[in-house]
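Protein chains in written order, with this note's numbering: chain W, -11 to 235; chain E, -6 to 212.
All C-beta atoms, glycine included, are put in the ideal place defined by N, C-alpha and C.
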Amino acid sequence: MTRRLTFNIFRYNPQDPESVPHTDNFVLEEAERMTLYIALTKIREEQDHSLTFDFCCRAGICGACAMVINGRPGLACKTLTKDLPDEITLMPLPVFKLVGDLSVDTGTWFSAMNEKVESWVHTNKKMDPTVQEERMNNALAEEIYELERCVECGCCVAACGTANMRQDFLGAVALNRIARFIMDPRDERTEKEYFEVVGTDEGIFGCMGLLACEDVCPKQLPLQDQLGILRRQMGWTAVKQLFHIAK
Amino acid sequence: MAIDTTIYVRPQSGISAYLDWLQMLTGAGLILFMWSHMILVASVNFGVDAMNTIAKFFEDSYMAQVGGPMIGLTFLLHFALAARKVPFRTEQQSTMWKHGKMLHHKDTWLWVVQAVTAMIILIMGAIHMWTVLTDLPITAQKSAARIQGGFWLVFYLILLPMVELHVGIGFYRIAVKWGFIKRKTRQGFKGFENILTLIFIAIGLITIVRFILIQVIQV
Chain W
-11 MTRRLTFNIF
-1 RYNPQDPESV
9 PHTDNFVLEE
19 AERMTLYIAL
29 TKIREEQDHS
39 LTFDFCCRAG
49 ICGACAMVIN
59 GRPGLACKTL
69 TKDLPDEITL
79 MPLPVFKLVG
89 DLSVDTGTWF
99 SAMNEKVESW
109 VHTNKKMDPT
119 VQEERMNNAL
129 AEEIYELERC
139 VECGCCVAAC
149 GTANMRQDFL
159 GAVALNRIAR
169 FIMDPRDERT
179 EKEYFEVVGT
189 DEGIFGCMGL
199 LACEDVCPKQ
209 LPLQDQLGIL
219 RRQMGWTAVK
229 QLFHIAK
Chain E
-6 MAIDTTIYVR
4 PQSGISAYLD
14 WLQMLTGAGL
24 ILFMWSHMIL
34 VASVNFGVDA
44 MNTIAKFFED
54 SYMAQVGGPM
64 IGLTFLLHFA
74 LAARKVPFRT
84 EQQSTMWKHG
94 KMLHHKDTWL
104 WVVQAVTAMI
114 ILIMGAIHMW
124 TVLTDLPITA
134 QKSAARIQGG
144 FWLVFYLILL
154 PMVELHVGIG
164 FYRIAVKWGF
174 IKRKTRQGFK
184 GFENILTLIF
194 IAIGLITIVR
204 FILIQVIQV
């Protein structure tokens, strides 16, 4: 028997002075293999054209459709309605700026984050287009790729108690990003330089270990493990600085 | 209103790292102390003499007289360090509360428990330490008399679970934060920590009952 799903969806348009934050209810018949993305598209097509939500790839790659699904941040396109109860409450991600309804601006936050942690390979080597690229050990390349799979959806930030309380906290995504560059032998940054970026209360030492990031990440990135490794690395760098032996 | 008014680069410092080290180390030290404390007090279950002998040893070696206040200072230092992370502003508290209710996430709630028990332990633990350390020597009869008075029975029935919860959650948190426990072992470790907490609460309750049963000779 097909289920009738009730969607309670947060509605608010910050651009419209008349708009008041409220919840709208929509009822929809469940279809086979229905994702939240399909359900939302159906609601927009058949019931309310003004419903705002983000999507792009529909395959869990772009990270645009992140929202709070029955309290948990997740990707609408990766969430099957069959895994949810009859009543589904959808809210926009906290922390980020609301564009309207379920759509938030993660772009501004992420570009600021990438600038802050200088999310690029720092090297003085000049690229010579005539020679072959330097090779990287395959196992290491795979390890780096594992962290590189991040789609910048913002779920880890929205689920983080610390990030919700403190606007200056970098969040798991940024710490995972820096961990990726620490691993990368092409990045010539010293441990002191990395410490400068994340060895603070805005960085790894602000993390309180609530591990919601680990539990909600739609890409199952090894955030808990990376945060642990980073805390130790930065902790040791601080100790080394005390004895003036940090590189 | 947050306007970036930075006109110079903040000087590099490792202060956050050192404070985080200290928070972890004082926490780990206090966990070890609390476990030892519980085992030592529970010695009363093996007889009044067992506890009195141990207490006498700690007083004769001045560990109670010196170690007690040292633990007190570590306790206050740990509070001051951890308080850097605890929300004291209403706005942050309500953010955290709403966040917890939204997320249905056990580890986030455990942190709230950690913060709330911390405040209770700060007051009750201080009262307990003051009472015991200003009335040395420690003897099973004196402890029994205190508990049989009624007020202290209620006092310890509250303090015991508060401490054990805080210690248990703190133990788990240190392990995951500093990478001792990885993704693979997290759930198993959490189960172990829950059982450990329950065992310590059980030992504590048995010990309290034992104190109630000790015949106090009125002097």
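Just confirm the distance between the C-beta atoms of residue i and residue j, as a whole number of angstroms; I'd bet it's less than 8 Å.
i	j	result
W:Arg60	W:Val204	6 Å
W:Ala52	E:His98	In fact, because the Cβ distance is near 24 Å, the residues do not count as touching under 8 Å.
W:Glu149	W:Met196	A small correction: the amino acid at residue 149 of chain W is Gly; Glu does not occupy that position in the sequence shown. Yes, they are in contact, since the Cβ atoms of W:Gly149 and W:Met196 sit about 7 Å apart, within 8 Å.
W:Met22	W:Val56	Not quite, the Cβ-Cβ distance comes to about 19 Å (not below 8 Å), so this is no contact.
E:Ile64	E:Phe164	At roughly 17 Å, the Cβ-Cβ gap does not stay under 8 Å, so E:Ile64 and E:Phe164 are not in contact.
W:Ala162	W:Met222	No, W:Ala162 and W:Met222 are not in contact; Cβ-Cβ is about 13 Å, not under 8 Å.
W:Glu18	W:Thr69	5 Å
E:Phe15	E:Leu74	Residue identity differs from the one stated: residue 15 of chain E is Leu in this sequence, not Phe. 6 Å between Cβ atoms; contact.
E:Val37	E:Arg179	The pair is not a contact, with the Cβ atoms about 36 Å apart (cut-off 8 Å).
W:Pro206	W:Lys66	6 Å
W:Leu39	W:Arg32	5 Å
E:Val105	E:Gly93	6 Å
E:Asp100	W:Leu198	5 Å
W:Pro2	W:Leu81	Contact doesn't hold; Cβ gap of about 15 Å is too wide.
W:Glu190	W:Asp156	5 Å
W:Thr(-8)	W:Val15	Residue identity check: residue -8 of chain W is Arg in the sequence provided, not Thr. Yes, they are in contact, since the Cβ atoms of W:Arg(-8) and W:Val15 sit about 6 Å apart, within 8 Å.
E:Gly118	E:Phe68	6 Å
Which term fits residue i, buried or exposed, when burial requires 16 or more other beta carbons within 10 angstroms of its beta carbon?
i	result
E:Gly40	exposed
W:Met115	exposed
E:Lys177	exposed
E:Val160	buried
E:Trp90	exposed
E:Glu157	buried
E:Met56	exposed
W:Gln229	buried
W:Thr248	The first residue shown for chain W is -11 and the last is 235, placing residue 248 of chain W beyond what the model contains.
W:Cys44	exposed
W:Asn152	buried
W:Ala146	buried
E:Val212	For E:Val212, the pLDDT reaches just 48, beneath the cut-off of 50, and the residue's location in the model is therefore unreliable, although a value from the coordinates is still provided. It is exposed - the Cβ of E:Val212 has fewer than 16 other Cβ atoms within 10 Å.
E:Ser6	exposed
W:Asp213	buried
E:Ile116	exposed
W:Phe(-5)	buried
E:Leu191	exposed
W:Ile(-3)	buried
E:Gly184	exposed
W:Phe41	buried
E:Trp145	buried
E:Phe50	exposed
W:Glu202	buried
E:His71	buried
W:Ala127	exposed
W:Phe84	buried
W:Asp36	exposed
E:Trp123	exposed
W:Glu176	exposed
E:Leu206	exposed
Could you please give me the residues that DSSP links to residue i through a beta bridge?
i	result
W:Gly62	W:Met55
W:Ser91	W:Gly88
W:Ile(-3)	W:Asp12 and W:Leu78
W:Glu17	W:Arg(-8)
W:Thr23	W:Leu68
Sorry if obvious, but does the Cβ on residue i come closer than 7 Å to a heavy atom of the ligand ZN?
i	result
E:Ser87	Of the ligands one can find in the structure shown there are none, so the ligand ZN has no counterpart to examine.
Can you confirm whether the region 171 to 185 of chain E touches the region 135 to 154 of chain E when touching is taken to mean that 3 or more C-beta pairs between the two stretches lie within less than 8 Å?
With fewer than three CB-CB distances shorter than 8 Å, the region 135 to 154 of chain E does not count as touching the region 171 to 185 of chain E.
If you pair each beta-carbon of the region 102 to 117 of chain E with each one of the region 194 to 204 of chain E, do three or more pairs fall below 8 Å?
The region 102 to 117 of chain E, when compared against the region 194 to 204 of chain E, does not touch it at the 8 Å Cβ threshold.
Using a Cβ distance threshold of 8 Å, determine whether the region 70 to 81 of chain W contacts the region 129 to 136 of chain W, with at least three qualifying pairs required.
no
Within the chosen definition, does the region 88 to 99 of chain W reach the region 117 to 133 of chain E through at least 3 CB pairs nearer than 8 Å?
no
Between the region 212 to 226 of chain W and the region 158 to 177 of chain W, can you find at least three pairs of beta-carbon atoms closer than 8 Å?
With the cut-off at 8 Å, the region 158 to 177 of chain W and the region 212 to 226 of chain W touch.
Tell me the start and end of each unbroken alpha helix (DSSP H) in the region 89 to 135 of chain E that is at least 4 residues and wholly inside, in chain order.
With a minimum length of 4 residues, the continuous alpha helix (DSSP H) runs that stay inside the region 89 to 135 of chain E are 99 to 126.
List, from N- to C-terminal side, the alpha helix (DSSP H) runs of 4 residues or more that fit wholly inside the region 5 to 87 of chain E.
8 to 34, 41 to 53 and 61 to 75
Would you mind listing the alpha helix (DSSP H) stretches within the region 84 to 172 of chain W that are 4+ residues and don't spill past its ends, in chain order?
The region 84 to 172 of chain W contains these whole alpha helix (DSSP H) runs: 94 to 104, 126 to 136, 143 to 146, 149 to 153 and 159 to 171.
Of all the beta strand (DSSP E) runs that stay within the bounds of the region 168 to 205 of chain W, which reach a length of 3 or more residues?
none
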